[in-house]
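One structure is given here, and the rest of the page talks about it.
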Amino acid sequence: MKENLSFDKPLYVLAPLAGFTDLPFRSVVKKFGADLTVSEMLSSNALAHGSQKTLHMLEKSSLEDPYSVQIAGADVDIVRSAVEILNEQEGIDIIDLNCGCPVPKVVGHGSGSSLLLDLPLMGEIIKTIKDTSNKSMTSVKIRLGFEEKKHVDIAKVVQDSGADFIAVHGRTRAGKFKAAVDYDAIREIKEAVDIPVIANGDIDSYEKAKWVLEHTGADGVMIGRGAVGAPWIFHQLKTGNEHIEQSLKHEIIMEHFDKMIEFYGQHGVAMFRKHTHTYSKGYRGASALRNEVNSIDDIATYRSVIDDFFKNNEMTL
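In my numbering, the protein residues as written are 13 to 329.
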């Protein structure tokens with residue numbers, strides 16, 4: 013990163029999403045407009061113990077500048093060891109602590125949103141990252157609370173522990189991904205702290221992103237599930253143009269497929285099926301396409317089928 017992230021204008025961030033925001037997907041959204049990409053969440057335990065699979069997940073595209081790596085952890089010493097491992101890796105600009113993941117496996121280990129139940133420990137872990145890291149910035153991703161909202165208290169601990177900015181998912185842990193997102197609470201955090209605040213949660217369209225920025229006063233938006241099947245949302249926000257040409261969608265989809273093959277090889281074909289399903293939603297002939305690609309394993313054949321489909325078909329909506 014040539015310099016710290018600038019918050020002079022709204023920042024558009026791709027949220028980490030397990031199984032989706034891998035290197036190929038991140039490189040595509042980065043090329044077409046995202047300001048910041050974040051790795052999939054990594055276990056500090058796995059990093060500290062030198063897991064090769066976890067280290068492979070650190071790989072980034074040359075386009076990803078700046079680049080943030082998100083870690084989860086609940087043990088100060090293990091987090092310190094994980095950060096020391098990350099210090100040896102080039103090309104990472106931000107270490108982000110996950111204090112929001114609601115998944116039982118993560119919560120059961122005391123990390124993710126479990127840290128919201130122990131703010132002194134959360135603060136100590138943030139301070140440890142800040143003091144140990146040789147990266148430009150430290151950030152934290154939170155929810156509004158575990159069972160009930162304590163969002164302002166949580167945000168103040170994040171700030172006081174030395175984080176440079178904070179991303180807020182506008183639900184409690186109990187709200188999982190179903191409860192309504194409380195954008196008023198994000199605004200209250202923005203008003204209560206001096207560090208930049210990124211709003212997150214159910215931002216699934218250009219209009220919604222614009223509304224959330226205005227309503228919360230946030231310094232940026234973080235988009236996760238809203239970008240799956242529609243990575244051009246970042247292009248819309250960056251250009252300020254809601255309309256996306258069919259030809260640009262086609263270009264982005266093909267770029268994504270090519271990056272998947274480049275990164276995963278033959279296995280990329282099977283992995284791209286779920287993306288083909290989301291990309292084709294709302295297109296004429298989508299169900300026939302899904303049936304067809306489910307039985308294609310050859311790279312060139314798969315590419316030819318989707319190239320033809322997305323070039324020559326239009327949305328029915």
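Glycine is no exception: its CB is placed at the ideal position from the N, C-alpha and C atoms. Predicted model, so just to flag it, every value in this text is computed and none were measured.
Inset, instruction - Quick one: grab the DSSP three-state call for Gln82. - result: strand
Legend entry - Nonlocal neighbours in the same chain, by C-beta distance under 7 Å from Asp214, ignoring five residues either side: The answer, listed in chain order, is Val193.
Inset, instruction - Determine the direct distance from the alpha carbon of Lys153 to that of Ala167, and round the result to whole angstroms. - result: 10 Å
Inset, instruction - Give me the Cα-Cα distance between Arg199 and Ala211, rounded to the nearest whole angstrom. - result: Roughly 9 Å separates the two Cα atoms.
Inset, instruction - Go ahead and pull the three-state DSSP assignment for Val115. - result: coil
Legend entry - Buried or exposed (CB count within 10 angstroms, at least 16 for buried), Ala60: Counting Cβ neighbours within 10 Å, Ala60 comes out buried, since at least 16 surround it.
Inset, instruction - Take the Cβ of Lys14 as the centre, count every other Cβ of all protein chains shown within 10 Å, and call the residue buried at 16 or more, exposed below. - result: Residue placement at Lys14 cannot be trusted, given a pLDDT of 46 that sits under 50; what the coordinates show is reported in the next sentence. Per the 10 Å Cβ criterion, exposed.
Inset, instruction - State the DSSP-derived secondary structure class of His255, mapped to helix, strand or coil. - result: coil
Inset, instruction - Leaving aside the five residues before and after Phe44 along the sequence, list all residues of the same chain whose C-beta is less than 7 Å from its C-beta, in chain order. - result: Pro243, Trp244, Phe246, His247, Ile264
Legend entry - DSSP beta-bridge partners of Asp108: Gln82, Ser151
Inset, instruction - Please state if the CB of Leu249 and the CB of Tyr218 are separated by a distance shorter than 8 Å. - result: yes
Inset, instruction - Measure the C-alpha to C-alpha separation of Tyr276 and Gly31 and round it to an integer number of angstroms. - result: 13 Å
Inset, instruction - May I have the straight-line CA-CA distance separating Leu17 from Asp309, to the nearest angstrom? - result: Leu17 and Asp309: Cα-Cα distance of roughly 42 Å.
Legend entry - Buried or exposed by the 16-neighbour rule on C-beta atoms within 10 Å, applied to Met327: Per the 10 Å Cβ criterion, exposed.
Legend entry - Pro114 versus Gly182, Gln101, Arg92, residue with shortest Cα-Cα distance: Gly182
Inset, instruction - Starting from the Cα of Leu131, find the closest Cα among His255, Ile107, Phe158, Trp223 and give me that residue. - result: Phe158
Inset, instruction - Buried or exposed for Ser56, please, with buried defined as at least 16 other CB atoms from any protein chain shown within 10 angstroms of its CB. - result: buried
Legend entry - Beta-carbon spacing of Ala94, His121 below 8 Å: no
Legend entry - Assigned secondary structure, Gly241 (DSSP; H/G/I helix, E/B strand, else coil): coil
Legend entry - Spatial distance of Glu96 from Asn324 (CA atoms): 51 Å
Legend entry - Buried/exposed call for Asp320, threshold 16 Cβ in 10 Å: Exposed: under 16 other Cβ atoms inside 10 Å.
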